[in-house]
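Residue numbers (the numbering used here): 95 to 149.
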C-alpha cells in the first residue's frame with residue numbers, strides 16, 4: 095500500500111506519528127501483530143480505510 099502511493103517509509107512514519115523502526119518492523123514481519131492503535135495511525139497516514147489496508 096505504501097509503495098503504491100510512492101511514500102517513503104520515513105514519510106509514512108511521520109504522517110502516521112509512529113517510529114520509523116516500528117514501521118520497518120511491521121513491513122518486514124518482525125512485528126506480526128501490531129496494536130489496533132498502530133494500525134489506525136498507519137491507515138490515517140495512508141489516508142485509507144482499515145478495510146483497504148487489509149485487502
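Using N, Cα and C, we set each Cβ at its ideal position, and we do this for glycine too.
Distance between beta carbons of residue j and residue i, contact taken as under 8 Å
{"i": "residue 103", "j": "residue 114", "result": "6 Å"}
{"i": "residue 132", "j": "residue 112", "result": "6 Å"}
Beta carbon proximity, residue i to chain B, threshold 8 Å
{"i": "residue 128", "result": "In summary, chain B is missing from the structure at hand, where a single protein chain is found."}
Residue i vs residue j beta-carbon contact at 8 Å
{"i": "residue 110", "j": "residue 136", "result": "yes"}
Residue span of the alpha helix (DSSP H) that contains residue i, given as start and end
{"i": "residue 97", "result": "Neither: residue 97 is in no alpha helix (DSSP H) and is coded neither H nor E."}
{"i": "residue 110", "result": "103 to 110"}
{"i": "residue 138", "result": "130 to 140"}
Buried or exposed (CB count within 10 angstroms, at least 16 for buried), residue i
{"i": "residue 107", "result": "buried"}
{"i": "residue 147", "result": "exposed"}
Backbone CA spacing between residue i and residue j [nearest angstrom]
{"i": "residue 98", "j": "residue 141", "result": "13 Å"}
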